[in-house]
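Residue numbers (the working numbering): 203 to 487.
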């Protein structure tokens, strides 16, 4: 995730990074610019269409559809940001619940083996969840004495080990039944958080909706030179390119942030959050 100072305006304007939409859109922007310039030349210089030609009236359509496309893009970006923010809230909840579980174990159990187990396994759940959400393979041997099977649901395996350890502590009278109920809430929340993250990752924006917006932007931009060539001449090319850049950039940004569990620069810093969980749990236990 990119760290930045929100008050540095000129840094935003003149800085280009690999996630910047300008670089991604540059080839098609050049093509659209050439298309708009050619169309403007044909209309004004080659065919000598008069200003009374009905094709000039197409700008009325652009005025009406501009409001519609703006509403669609606002809804698109808001929906994508809601998914990003919900993912951030889930990882924030994982941080809090990991700390709470560590604090409760530290207060309830004086057994060194219990503390050592939870000191390793609570941060392990965050790291395993990160790898699970980014679809990255992890080594089969997580620790010297704990085996994680590669082809099974990895977070569930860690959660199962945590539940078994808590039940073992109760069975051997190291904690009471009331204390087991107290720590059960945090143990259960790990699986709830995993399920919420999987719901975000495995349920993308419906294809028909995303495809319609892309087609709408494309045909809207491609029809702009027909009407504005009379007023702008060859300047219609940079104007159309700029309009396309604005509209297409909003769609690209929405595409990037709607899946917050990837490795893009604007995705959630899950590795950093996992490292913070590990540091805090080790301090407590």
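All C-beta atoms in this analysis are idealised placements derived from N, C-alpha and C, irrespective of residue type, glycine included.
Pair within 8 Å by beta-carbon distance, residue i and residue j
i: residue 238; j: residue 448; result: no
i: residue 245; j: residue 410; result: no
i: residue 385; j: residue 306; result: yes
i: residue 496; j: residue 391; result: In the structure as shown, the chain starts at 203 and stops at 487, and residue 496 therefore has no counterpart that could be examined.
i: residue 336; j: residue 465; result: yes
i: residue 389; j: residue 364; result: yes
i: residue 419; j: residue 271; result: yes
Nonlocal neighbours in the same chain, by C-beta distance under 7 Å from residue i, ignoring five residues either side
i: residue 505; result: An answer regarding residue 505 cannot be provided, because it is not within the stretch 203 to 487 covered by the chain.
i: residue 283; result: 459
i: residue 158; result: Limits of the chain in this structure are 203 at one end and 487 at the other, which puts residue 158 out of reach.
i: residue 273; result: none
i: residue 231; result: 443, 446, 447
Cβ shell of residue i (< 6 Å), same chain only, five flanking positions each side left out
i: residue 257; result: 428
i: residue 330; result: 356, 357, 360
i: residue 286; result: 459, 462
i: residue 476; result: 328, 329, 332
i: residue 292; result: 395, 398, 399
Alpha carbon of residue i to alpha carbon of residue j, nearest angstrom
i: residue 424; j: residue 265; result: 15 Å
i: residue 304; j: residue 321; result: 8 Å
i: residue 308; j: residue 376; result: 12 Å
i: residue 413; j: residue 407; result: 10 Å
i: residue 343; j: residue 354; result: Here residue 343 scores only 47 on pLDDT, less than 50, and its place in the model should not be relied on; the value that follows carries that caveat. Residue 343 and residue 354: Cα-Cα distance of roughly 14 Å.
i: residue 374; j: residue 313; result: 12 Å
i: residue 395; j: residue 444; result: 41 Å
i: residue 426; j: residue 433; result: 12 Å
i: residue 234; j: residue 259; result: 22 Å
i: residue 367; j: residue 317; result: 11 Å
i: residue 288; j: residue 441; result: 37 Å
i: residue 241; j: residue 478; result: 57 Å
i: residue 226; j: residue 416; result: 15 Å
i: residue 275; j: residue 421; result: 15 Å
i: residue 281; j: residue 378; result: 45 Å
i: residue 401; j: residue 472; result: 17 Å
Proximal residues to residue i (C-beta, below 8 Å), its chain only, five neighbours per side dropped
i: residue 279; result: 452, 455, 456
i: residue 483; result: 300, 301, 304, 320, 321, 324, 325
i: residue 369; result: 382
Element boundaries [alpha helix (DSSP H), containing residue i]
i: residue 379; result: 379-404
i: residue 478; result: 472-486
i: residue 298; result: 260-310
i: residue 367; result: 356-373
i: residue 227; result: 223-243
i: residue 422; result: 409-434
i: residue 324; result: 314-335
i: residue 453; result: 438-459
Proximity test, Cβ basis, 8 Å: residue i and chain C
i: residue 301; result: In the displayed structure, chain C is absent; only one protein chain is listed.
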